[in-house]
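By the count of mature numbering (1 follows the signal peptide of the UniProt record, and there is no 0), the sequence shown reaches residue 472 at its end, each step adding exactly one.
Note that the Cβ used here is the ideal one computed from N, Cα and C, for glycine as well.
Beneath this line is the structure, given in C-alpha cells, with notes to follow.
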Amino acid sequence: DANEALYQRKTRPEYIPGRIDDPDYVRIFDTTLRDGEQSPGATLTSAEKLEIAQNLARLGVDIIEAGFPIASPDDFNAVKQIADIVGNDVFDDGYVPVICGLSRANDRDIQAAWDAVKGAIRPRVHTFIATSPIHMETKLNKTPDEVVAIAVHAVEFAKSLGCTDIEFSPEDAGRSDPEFLYRILSEVIKAGATTLNIPDTTGWNMPWEFGALINKLRENVEGAENVIFSTHCQNDLGLATANSLAGALNGARQLECTINGIGERAGNASLEEIVMALSLKGSTHFDEGMGIGSGKLYTAINPVHITPTSKMVSEYTGMACQPHKAIVGANAFQHESGIHQDGMIKNKSTYEIMTPESIGLMRGEQQSGAGIVLGKHSGRNAVGTRLKELGYDLDVDKLNAVFKRFKQVAERKKGGLEDDDLEALVSDQAGLSN
Ligand code: KIV
C-alpha cells in the first residue's frame, strides 16, 4: 500500500517542555483517563487505568493525562501508579511518555497533582481557571483582575514545587474575550507556563473561528514563541476533530484528544480521527503558506495499536462505539451495497482510504475476506465471490438460482447473511434441482 510508510512510528524530536525543535511535529496529548473518564458512567478502576495507560504508551502518545488527583484518593493512587510504572518505562528508542495530572488553580489541587506525577521521568502539572465572562461572573464570582492573579499564582506555585513542565488552560477559551486571553496568557508565560492549552470547552467554535483564535493568540501573546500552543476541543456540534485540525493548521503543536472520542457530554476530539487524518493528509494539505515548518505535519503515533486500545477502552468504560464511528466503528471497513462490493472485490482502494490492517484490524475479524456484508443491497459478484471462498464453484444457472433466493432471504434478515446461511441456500438449491 502506497501509504504504508506513514503508518510506522516516526522518530520524535527530543522532549523539551515548552519547545519543539521540529516545527512540523505535532504532540498527541491523550486525556482518555481524565476527560474521557468524565463521560457519564465511564468510571475506571486503577488496574484498568494502568492497562489503558500501557496501551497509550504502545501507541506512542507524547503526554498521558492520567487523572485529576485531588478528585479522590483512588484517582490520586491511579495517577501515581501510572507515573511510577508507565512514566518510568523507557522504550528502546528512548521514548517515555510525559505523565500529567490536572488541578484547579489552587495550592491544594496543585500539590496533589505534583505529588501524584513527580515519580515519572517526565512529570507535568496541568492547571486551569475559567476566563469567559459567563464563567468568571456566575461560576467563579471573580473579576478578570482576580482571575489573572489566581492563574499567575497557580503557575508560580507549581514552579516552586520543582515542576518545570507546566500547562495552563483558560477554561472556556472558545467563548472568552481574545484581548483578555492575550493578557492572562502573557502573564502565565512570565510565571513559568510552558504549554498553553486553548479549550473550546463547550464545543462552540466553527473550525475557521477556532483556527483564527489560535493564530491570533500566537501573534498577540507576549512570549508565544517560547511555548507550545495546544487545542482541547469538545464535540457538542460534532466539530471537535475539525477544530483540532484547524488549530494545527494555525500553529498548535499539541492536540488533546481521547480514544473513541469519549468525554464530557458529546465527548472530545477523537485520537484515532486526528492521528489518521494527519497520517493520511498531514503531509500534503496542511500549513501551506503559514510560514511555520515545511508543511508536513506528523505525529509519532503508531496506528497499529489503535484497534486494541479502542476495544479495551470500550470494554472497560462500558461505552460501545456507534457502528458508523469513523476509524474504529464496527462498520468502518464493511461494505454492503452491490456497487461498492463489486469495486472492493476488484480493488480495495475504490472504497477504502486506509487499510484495516494499518489500524490493527485484521480482515479475518470481519465477516468475509473483503469486509463485505452480504445483505439486501449486495450483488451477484459479491455472493459468487464469497461462495467461491467457501469452496462452491457454481455454474451461471446455479448461481443465478441461489442469488434469486438470496435476495428474498436478505430482504428479511437484518445484519446480513452469515456463511452458514449461504451454505444452506446452496444445499436447498441442490435439493431442488435433484
Ligand atoms: O474542557 C475543558 O475546558 C477542560 C480543561 C480543564 C482543559 O477539560
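Cβ of residue i versus every heavy atom of the ligand KIV: is any distance shorter than 8 Å?
i, result
"aspartate 131", "no"
"asparagine 281", "no"
"aspartate 210", "yes"
"histidine 362", "no"
"proline 171", "no"
"phenylalanine 166", "yes"
"asparagine 144", "no"
"glutamate 194", "no"
"residue 22", "This structure cannot settle anything about residue 22, because the visible part of the chain is limited to 39 through 472."
"leucine 140", "yes"
"histidine 378", "no"
"asparagine 235", "yes"
"glutamine 292", "no"
"histidine 270", "yes"
"serine 207", "yes"
"aspartate 73", "yes"
"glutamate 302", "yes"
So, under 8 Å CB-CB, residue i and residue j are touching, yes? Tell me the CB distance rounded to an integer number of Å.
i, j, result
"serine 77", "isoleucine 300", "5 Å"
"serine 268", "glutamine 292", "4 Å"
"leucine 219", "proline 208", "6 Å"
"leucine 463", "arginine 450", "With a Cβ gap of about 13 Å, leucine 463 and arginine 450 do not count as contacting."
"aspartate 100", "phenylalanine 67", "7 Å"
"glutamine 272", "threonine 239", "6 Å"
"valine 366", "isoleucine 383", "Contact flag wrong, Cβ pair sits at about 24 Å."
"valine 124", "threonine 337", "Not really, about 19 Å apart at Cβ, beyond 8 Å."
What residues are listed by DSSP as bridge partners for residue i?
i, result
"isoleucine 266", "Thr233"
"proline 161", "Ile137"
"residue 27", "Since the first residue of the chain shown is 39 and the last is 472, residue 27 is not available in this structure."
"cysteine 271", "Asp238"
"tyrosine 63", "Tyr336"
"histidine 294", "With the sequence shown as reference, residue 294 is identified as glutamate, and histidine is not the correct amino acid for it. Bridge partners of glutamate 294: Phe67, His270."
"proline 51", "According to DSSP, which records beta bridges pairwise, proline 51 is partnered with nothing at all."
"serine 308", "Thr296"
"histidine 373", "Ile410"
"arginine 57", "Ile54"
"proline 208", "Ile167"
"arginine 142", "Phe166"
Taking the CB atoms as reference points, tell me whether residue i and residue j lie closer together than 9 Å.
i, j, result
"phenylalanine 114", "arginine 72", "no"
"alanine 278", "alanine 307", "yes"
"glycine 249", "glycine 285", "yes"
"valine 155", "alanine 121", "yes"
"glycine 241", "leucine 287", "no"
"leucine 234", "isoleucine 266", "yes"
"aspartate 59", "glutamate 52", "yes"
"proline 346", "valine 313", "no"
"leucine 437", "leucine 425", "yes"
"proline 55", "alanine 95", "no"
**Study point:** Three or more C-beta pairs below 8 Å linking the segment 229-241 and the segment 187-198
**Key:** Result yes; three or more Cβ-Cβ pairs closer than 8 Å.
Point to revise | Cβ contact (3+ pairs, closer than 8 Å) linking the segment 420-430 and the segment 392-401 | key: Verdict: no, contact absent.
Review point. Taking contact to mean at least 3 C-beta pairs separated by less than 8 Å, is the segment 150-168 in contact with the segment 176-186?
Key: Pairwise C-beta distances place the segment 150-168 in contact with the segment 176-186, as three or more of them are shorter than 8 Å.
Exercise for review: Could you tell me whether the segment 370-381 touches the segment 419-426, where touching means 3 or more Cβ pairs closer than 8 Å?
Suggested key: At 8 Å Cβ cutoff, the stretches touch.
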